[in-house]
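In this note's numbering, the protein residues as written are 1461 to 1829.
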Amino acid sequence: MKPLSDIKVVELARILAGPWCAQLLADLGAEVVKVERPGEGDDTRHWGPPFLYDEAGAPLDAAYFHAANRGKTAQAIDIATPEGQAAAHALIADADVVIENYKVGGLAKYGLDPARLRALYPKLVICSITGFGQSGPYAPRAGYDFIIQGMGGFMSLTGEPDGAPQKAGIAYADIFTGVYSAVAILAALRRRDAEGVGAHIDMALLDTQVGVLANQALNWMASGKVPHRMGNGHANLVPYQAFSARDGALIIAVGNDSQFRKLCGVLGLPYGVDARFATNPARVRHRETLIPLLEAAIRQWAKADLYEALETQGVPAGPINTLAEVFSDPQVVSRGMRIAPEGVPGVASPIVIDGERMVASRASPKRPG
């Protein structure tokens, strides 16, 4: 039995952050009912090409939709009508969790806002996901991942030093918000079990994006210096970046001084005991001197030979894979990360409990209604 097999979730959400959260709960065993607009359904059903098709060649909507909706059932309900509102309440009446991503106050006109739901169902855990949260001057605004990556500082840290700011190649703020939302829901359910009360969880994309600035935020707070884009370099570790070998790029990620000495040994360089480079703080200070010296030595090697030599010496290194290479990597294959529930391709949850991967066996639902 999966950990959340006794939990029912009603998803009044679309696009990515809310559906990602609900999919994670479904992977952990929850029953998730996704409420969609009649006819059109979730916006991302149309975010293609590419589209998926079943074995008979019938369309299964955009691949994007299937990335975030595994393990759910779906119902077409028009909450703008009295009949739809009654149907939504019938679903929620015995639910444990509601996930919604309407604009602040947007559900009030349908009688489905968090305040009303908590009054009617005091043990219900409601998770509201918005761009900017339930309070503050930006609360009424719609939130979009790309905009949040820019506003939240991520893009100022991403890209080449002399290039334009870059967003991540995936919807980083949306997905992180979905994961944090699932954590918050589990905490609220734990409290409900202990105290018998539900909760209203206020999750904001901007809060999440700022919250995961991690070491870069603390670098600024500690030094007063605004971090800048460093390409594939690391603000606090050297060398920790991509390098070009004779036949392509690889990543070398030195995390301590012992690894640096071993790297120098493999490359035949004398810098492991050089006072300018012997410690990580010294290497960070002398980054501009050290990196060209390493680059010149690494260019003499073939990638495969250097990987093997570094692996033998315990120096962390790795390739820069395309997605085709990722899913053919023997470790990824061995761990079962590529799945096909009910014949629909997908990517498994990374959670494994007692040897069992937490992933729903049901594919994403077909468009209801």
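Heads up, the beta-carbon is just placed ideally off N, CA and C, and yes, glycines get one too.
Beta-bridge pairing of residue i - partner residues as DSSP gives them
| i | result |
| --- | --- |
| C1724 | Note: C1724 sits in no beta bridge, so no partner. |
| P1519 | Y1513 |
| L1472 | E1560 |
| A1536 | E1496 |
| F1703 | L1710 |
| E1491 | K1468 |
Counted within 10 angstroms of its Cβ, other Cβ atoms place residue i as buried (16 or more) or exposed
| i | result |
| --- | --- |
| H1506 | exposed |
| P1479 | buried |
| V1657 | exposed |
| N1529 | buried |
| R1743 | buried |
| A1808 | buried |
| T1668 | buried |
| S1641 | buried |
| L1567 | buried |
| A1548 | buried |
| I1630 | exposed |
| G1517 | exposed |
| V1733 | exposed |
Chain-order list of residues whose beta-carbon lies under 6 Å from that of residue i (same chain, five-residue window excluded)
| i | result |
| --- | --- |
| R1747 | V1698 |
| P1825 | K1532, T1533 and A1534 |
| A1477 | I1589, D1634, T1637 and G1638 |
| G1571 | Q1545 |
| G1829 | P1498 and A1536 |
| G1693 | Q1701 |
| K1722 | Q1773 and V1775 |
Beta-carbon contacts of residue i that lie in its chain and below 8 Å, excluding the five residues immediately before and after
| i | result |
| --- | --- |
| N1781 | D1789 |
| A1911 | This structure cannot speak to residue 1911, because the chain is shown only from 1461 to 1829. |
| I1467 | L1485, G1489, A1490, E1491, D1556, V1557 and L1649 |
| N1679 | K1685, P1687, A1695 and N1696 |
| P1519 | F1511, L1512 and Y1513 |
| E1755 | F1703 and S1704 |
Other residues of its chain near residue i: CB distance less than 7 Å, five sequence neighbours each side excluded
| i | result |
| --- | --- |
| L1464 | L1485, L1488, G1489 and A1490 |
| R1802 | This sequence places Glu at residue 1802; Arg is not what is there. Hits under 7 Å: R1822 and A1823. |
| V1672 | F1636 |
| V1786 | V1792 |
Check: residue i C-beta below 7 Å from any heavy atom of the ligand NAP
| i | result |
| --- | --- |
| N1529 | Annotation note on the ligand NAP: not contained in the displayed structure, which lists no ligands. |
Which full runs of the alpha helix (DSSP H) of 4+ residues lie inside the segment 1768 to 1827, going along the chain? 1783 to 1786 and 1790 to 1794
Uninterrupted alpha helix (DSSP H) stretches inside the segment 1565 to 1593 (no shorter than 4 residues): 1574 to 1580
Taking contact to mean 3 or more Cβ pairs, one atom from each stretch, closer than 8 Å, check whether the segment 1599 to 1613 and the segment 1577 to 1587 are in contact. no
The segment 1700 to 1714 / the segment 1744 to 1764 touching (three or more Cβ pairs under 8 Å): yes
Which parts of the segment 1617 to 1690 are runs of the alpha helix (DSSP H), unbroken and 4 residues or longer, counting only runs that do not cross its ends? 1632 to 1655, 1665 to 1671 and 1674 to 1683
Would you be able to state if there are at least three C-beta pairs under 8 Å between the segment 1463 to 1476 and the segment 1497 to 1504? yes
Is the segment 1647 to 1666 close to the segment 1586 to 1594, with three or more CB pairs under 8 Å? yes
Stretch pair the segment 1766 to 1778 + the segment 1712 to 1732: three plus CB contacts closer than 8 Å: yes
Whole runs of the alpha helix (DSSP H) within the segment 1728 to 1764, excluding any shorter than 4 residues: 1740 to 1745 and 1747 to 1758
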